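One structure below.
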Amino acid sequence: MIRFGTVSIVNHDKGTVKVHFEDLEDQSAELQVFQGRNKGTKQYSMPQIGERGLCLLVSNGNSGMYLGSGYDLPAPVMSNAGEGKTITVFSDGTQVIYDEKASKLYLDCKKEIEVVCPQIKITGNIKINGNIAITGNIDLKGKLDSTESVNAAKDISAAGVSLKDHTHTNVTSGIDKSGPPA
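Under our numbering, think of the first position of the sequence shown as 170, with each following residue one higher.
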């Protein structure tokens with residue numbers, strides 16, 4: 170049997186919900202929430218209380234599955250939706266959008282992104298509008314040829330010594346070498 174109902178209880182640990190059926194003034198038993206995958210690669214996304222969705226119930230009772238919700242007048246489709254787009258908008262406003270027509274991944278995170286892995290490799294140009302804080306070394310490994318340079322619009326500093334504004338100790342005239350930066 171297929172019924173529409175409104176989520177009234179969410180059990181995040183078990184991946185189940187209870188749903189209120191308005192037309193029957195009755196509440197379901199715990200229903201499993203349909204997830205795309207649950208073995209090997211797993212997915213997890215639970216509905217919120219008050220979300221209206223479709224339920225698939227066994228004929229001998231009210232157990233079964235909560236299949237999910239759809240868009241309607243109170244919950245319209247996002248304004249930036251379209252063909253070839255996969256969009257996730259979280260309750261804090263964070264958005265993940267993939268546009269397969271443009272081959273573009275867009276991420277708008279409202280706080281912090283943490284990537285944990287042993288190594289990251291980026292092939293392509295990087296543009297950063299903001300500061301960079303590095304714990305560790307920068308090693309160009311001789312990758313720059315004589316026509317390229319490393320530029321910083323303001324300054325680069327290491328161990329508290331400014332590349333742009335540092336001074337040297339033991340400076341003498343002529344061909345002698347100066348001492349280390351002050």
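C-beta atoms are modelled at their ideal positions from N, C-alpha and C, and glycine is treated no differently.
Since we're looking at a predicted model, the values are computed, not measured.
Judging by CA-CA distance, which residue of the options is the nearest neighbour of residue i?
i	options	result
E269	G253, H189, K280, T257	G253
Q196	K280, V202, S228, S177	S177
E281	A351, T263, H337, I303	T263
G273	E283, K279, I256, Q288	Per the sequence shown, the amino acid found at residue 273 is Lys instead of Gly. Of E283, K279, I256, Q288, the residue nearest in Cα terms is I256.
E199	S248, T175, Y213	T175
M215	M234, I307, D334	M234
Could you name the residues that DSSP lists as bridge partners for residue i?
i	result
Q212	According to DSSP, Q212 bridges with nothing at all.
D268	K254, K273
A327	V330
G237	L223
N207	K211
If you run the structure through DSSP and keep just helix, strand and coil, what is residue i?
i	result
M202	In the sequence as presented, Met is not what sits at residue 202; that position holds Val. V202: strand per DSSP, three-state reduction.
F173	strand
N300	coil
F190	strand
Y275	strand
N229	coil
L242	coil
D195	strand
N339	coil
C286	coil
P349	coil
N180	strand
Exposed or buried, what is residue i when buried is set at 16 or more other beta-carbons lying within 10 Å of its beta-carbon?
i	result
L193	exposed
L240	For the record, residue 240 in the displayed sequence is Tyr; it is not Leu. Per the 10 Å Cβ criterion, exposed.
Y275	exposed
L332	exposed
G222	buried
C224	buried
Query raised in the report: Taking contact to mean at least 3 C-beta pairs separated by less than 8 Å, is the stretch 184-199 in contact with the stretch 207-218?
Result: yes
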